[in-house]
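Q:
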Amino acid sequence: MSGWLSHLAIAPILLPLAVGAAMIPMDDHRARLRAGLGIASALALVAIAIALVVLAGRSAAPPVFVYRVGDWPVPFGITLVVDRLAALLLLLTALLGLAALLFSLVRWQRMGAQFHALFQFQLVGLNGAFLTGDLFNLFVFFEVLLAASYGLALHGSGVARVKAGLHYIAINLAASLLFLIGVSMIYGVAGTLSMADLAARIPHLPAEDRPLLEAGAAILGMAFLAKAAMWPVGFWLAPTYSAASPPAAAIFSMMSKVGFYAVLRLSLLLFGPDSGESAGFGSTFLFVGGLATIGFGAVSVLATQDLSRLAGASVLISSGTLLAAVGAGQVSVTSGALFYLASSALAIGAFFLLIELLERGRELGADVLAVTAEAFGDGSEEEDEEEAEVGVAIPASIAVLGACFLCCALLLAGLPPLSGFIAKFAMLDGILNPEGLGRGGEAVPLSGWALLAALILSGLATVLAMTRAGIRSLWAAGERAAPRVGVVEIAPVLLLIGLCIGMTAAAGPVLGYMQDTAAALHQPRAYIGGVTGVAR
4 MSGWLSHLAI APILLPLAVG AAMIPMDDHR ARLRAGLGIA SALALVAIAI
54 ALVVLAGRSA APPVFVYRVG DWPVPFGITL VVDRLAALLL LLTALLGLAA
104 LLFSLVRWQR MGAQFHALFQ FQLVGLNGAF LTGDLFNLFV FFEVLLAASY
154 GLALHGSGVA RVKAGLHYIA INLAASLLFL IGVSMIYGVA GTLSMADLAA
204 RIPHLPAEDR PLLEAGAAIL GMAFLAKAAM WPVGFWLAPT YSAASPPAAA
254 IFSMMSKVGF YAVLRLSLLL FGPDSGESAG FGSTFLFVGG LATIGFGAVS
304 VLATQDLSRL AGASVLISSG TLLAAVGAGQ VSVTSGALFY LASSALAIGA
354 FFLLIELLER GRELGADVLA VTAEAFGDGS EEEDEEEAEV GVAIPASIAV
404 LGACFLCCAL LLAGLPPLSG FIAKFAMLDG ILNPEGLGRG GEAVPLSGWA
454 LLAALILSGL ATVLAMTRAG IRSLWAAGER AAPRVGVVEI APVLLLIGLC
504 IGMTAAAGPV LGYMQDTAAA LHQPRAYIGG VTGVAR
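The sequence shown begins at 4 in this note's numbering and counts up one residue at a time.
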């Protein structure tokens, strides 16, 4: 690609950066202008991301764009790389950002200072992390998104939000330190931080340097896994996400995908089949850690009585599923996992926004009271049956919210007919029919059965938890007025759920895109050659 079209690679970074910087000097009297700029920026990012996805889908081999800032050659300059995976994640980020910003227009943008500027800088960090082609700038964008997320996590008021936010900051500062240590060790051994150049050098490293490289990669991986919320370093996620404002929590659901993206990209690029003695480094740890995270998330969804914590626990299940899929090391499983990533990111974002609408008008401690009523009874059985009212009147807003809740439950549990089921079915098909094994041929390995059981049991746990939560929030009797819901608030929820329904209707083309993406990730020679300019 040449000409103005090639500059699309840097537009997802420059656009929100310029808009966010322009918002900072604006005072509160220009709140509408800030909101308008934020929505315009989000819409433009959606358009740019769609264009990149279309171009990436038509490309015969990745990457579709290699943008060298200042025209410095690899590995000396800053390089941005757009391939199918980066384009997909840019689109998901833009869609979630647009939905969260629309939802915030009614009240959340006024709950604290500089909400829109922080949100734009959050988009800068996310987009930059997905686009960068070297580890140093990955650290830079990692810190940009974390700095913005600190402000968004504390946006609003309340002791719980401040407490969870401070814990979140402490954990991520520790992860940043690990990031620096790991990057320094890798640079000391390989002499480069360009991902593509590093992948080209690793197979030729002397044997005496390989242990230090792998130690640096392990330390770097722990920083990414802390962000991806792998057990046991993901204990911070549910409290932080549940305490954050709904728009912030919705875009935060994409932050955990940054850790997964880094693990997926680096594990297949640096430690793929062509990396010599380091091939497959860390894959077993990722697989076992992913299974443990799924188990922890499944127990969490069953244990919680709070809808926001239920959504946070769903993020843990999603992260564990994706990490275990990477550890499985199969193209077909990875393609199903990418489909699952898109479906779960949109569904969890919609669920975080929906929760705020569902909980309007609920009394403080309603969940605790519901558990007490189940355990000890509430005396309602003594009511005269002849005087009991038959049936339940369902206002329009409750009906719409209930339909949205049902869709979120189906998506998160992976039940038919929505995209969550297709994603899990694709992963299960890859597990039961590994590459190299004919259908009905050799037995499925034990690791495959373990992942299959984890997917099914976590789905069952989600069904039970969501059913229980839905009954208490939407169906249980009680003196509760129907919540007042604005069109601007319900529209983002309907948008995200509608996108999941669209993925279901267009499952063939979408899954084909994911399969091409997974195949390119598992055979990174085209990526390395496209970035370095050296054919492999």
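Positions of the beta carbon are idealized from the N, C-alpha and C atoms, including for glycine.
In angstroms, rounded to a whole number, what distance separates the CA positions of L181 and Y171?
A: For the purposes of this step, residue 181 is identified with residue 178 of the sequence shown, where counting begins at 1. For the purposes of this step, residue 171 is identified with residue 168 of the sequence shown, where counting begins at 1. Cα to Cα, the separation comes out at about 16 Å.
Q: So, does the segment 511-523 touch the segment 321-332, judging by three or more C-beta pairs under 8 Å?
A: no
Q: Are the beta-carbon atoms of L208 and A193 separated by less than 8 Å?
A: Taking the sequence shown and counting its residues from 1, the one referred to as residue 208 is at position 205. Taking the sequence shown and counting its residues from 1, the one referred to as residue 193 is at position 190. A distance below 8 Å separates the beta carbons of L208 and A193.
Q: Which word fits V57, buried or exposed, when buried means at least 16 other C-beta atoms lie within 10 angstroms of its C-beta?
A: Here residue 57 is taken as the residue at index 54 of the sequence shown, counted from 1. Its Cβ having fewer than 16 others within 10 Å, V57 is exposed.
Q: Which residue from G298, V127 and L269 puts its Cα closest to that of M525?
A: Position 522 of the sequence shown, counted from the start, is the residue given in the question as residue 525. According to the sequence provided, residue 525 is His. The question's Met does not apply to it. The shortest Cα separation from H525 among G298, V127 and L269 belongs to L269.
Q: Taking the alpha helix (DSSP H) that R71 belongs to, which residues open and close that run?
A: Taking the first residue of the sequence shown as position 1, residue 71 is located at position 68. Careful: R71 lies outside any alpha helix (DSSP H), inside the beta strand (DSSP E) at F68 to R71.
Q: Could you say which of A453, T465 and V22 lies nearest to A328 if we only look at CA atoms?
A: Working through the sequence shown from its first residue, we reach residue 328 at position 325. Nearest C-alpha to A328: A453.
Q: Restricting to Cα atoms, I'd like to know which of L313, V85 and A21 is closest to G473.
A: Numbered from its first residue, the sequence shown carries residue 473 at position 470. Of L313, V85 and A21, the residue nearest in Cα terms is L313.
Q: For the segment 89-101 against the segment 233-241, are there 3 or more C-beta pairs whose distance is under 8 Å?
A: no
Q: Indicate whether A253 and G131 have their beta-carbon atoms separated by less than 8 Å.
A: Working through the sequence shown from its first residue, we reach residue 253 at position 250. Working through the sequence shown from its first residue, we reach residue 131 at position 128. In this structure, G131 does not lie closer than 8 Å to A253 by Cβ.
Q: For T465 versus S317, is the C-beta distance shorter than 8 Å?
A: Here residue 465 refers to the residue found at position 462 of the sequence shown. Here residue 317 refers to the residue found at position 314 of the sequence shown. Their beta carbons are under 8 Å apart, which means T465 touches S317 by this criterion.
Q: Rounded C-beta distance between L357 and L404? I'm assuming under 8 Å.
A: For the purposes of this step, residue 357 is identified with residue 354 of the sequence shown, where counting begins at 1. For the purposes of this step, residue 404 is identified with residue 401 of the sequence shown, where counting begins at 1. Yes, L357 and L404 are in contact; Cβ-Cβ is about 7 Å, under 8 Å.
Q: Alpha carbons only, please: which of L498, A521 and A399 is nearest the one belonging to M430?
A: Here residue 430 refers to the residue found at position 427 of the sequence shown. Minimum Cα distance to M430 is reached at A521.
Q: Quick check on the DSSP output: the beta strand (DSSP E) that includes L83 runs from which residue to which?
A: As a position in the sequence shown, residue 83 is number 80, starting the count at 1. Per DSSP, L83 belongs to the beta strand (DSSP E) from T82 to V85.
Q: Exposed or buried, which one is W478 when buried takes at least 16 other CB atoms within 10 Å?
A: Reading the sequence shown from its first residue, position 475 is the one you call residue 478. With fewer than 16 other Cβ atoms within 10 Å, it is exposed.
Q: Which whole-angstrom value describes the C-beta separation of G191 and Q123, a residue pair presumed to lie in contact below a C-beta threshold of 8 Å?
A: Counting from one through the sequence shown, the residue named residue 191 turns up at place 188. Counting from one through the sequence shown, the residue named residue 123 turns up at place 120. Actually they do not touch by this definition, with Cβ atoms about 36 Å apart.
Q: Quick check: S152 and F290, are their CB atoms within less than 8 Å of each other?
A: Taking the first residue of the sequence shown as position 1, residue 152 is located at position 149. Taking the first residue of the sequence shown as position 1, residue 290 is located at position 287. No; because the gap between Cβ atoms is not below 8 Å, this pair is not in contact.
Q: For C503 versus L435, is the C-beta spacing smaller than 8 Å?
A: The sequence position of residue 503 within the sequence shown is 500, counting from 1. The sequence position of residue 435 within the sequence shown is 432, counting from 1. No. Outside cutoff.
Q: How many whole angstroms separate the CB atoms of L121 and V84, which I take to be in contact at a CB cut-off of 8 Å?
A: By 1-based counting over the sequence shown, the position of residue 121 is 118. By 1-based counting over the sequence shown, the position of residue 84 is 81. 27 Å between Cβ atoms; not a contact.
Q: How many whole angstroms separate the CB atoms of I2 and L223, which I take to be in contact at a CB cut-off of 8 Å?
A: In the structure displayed, the chain extends from 4 to 539; residue 2 sits before or after that span and is not available.
Q: Can you tell me whether L55 is buried or exposed? The criterion is at least 16 other CB atoms within 10 Å of its CB, across all chains shown.
A: The count along the sequence shown starts at 1 and reaches residue 55 at position 52. It counts as buried.
Q: With a 10 Å radius around its C-beta and 16 neighbouring C-beta atoms as the bar for buried, classify L228 as buried or exposed.
A: Here residue 228 is taken as the residue at index 225 of the sequence shown, counted from 1. Answer is buried; the Cβ neighbour count reaches 16.
Q: Exposed or buried, V374, counting other C-beta atoms within 10 Å across all chains shown (16 or more means buried)?
A: Here the question's residue 374 lines up with position 371 in the sequence shown. For V374, the pLDDT reaches just 46, beneath the cut-off of 50, and the residue's location in the model is therefore unreliable, although a value from the coordinates is still provided. V374 is exposed by the Cβ-count criterion.
Q: Hey, how far is the Cα of R487 from the Cα of R363?
A: Your numbering for residue 487 matches position 484 in the sequence shown. Your numbering for residue 363 matches position 360 in the sequence shown. Straight-line spacing of the CA atoms in R487 and R363 works out to 8 Å.
Q: Quick check on D200: buried or exposed, where buried means 16 or more other Cβ atoms within 10 Å of its Cβ?
A: Looking up residue 200 in the sequence shown gives position 197. Flag for D200 reads buried.
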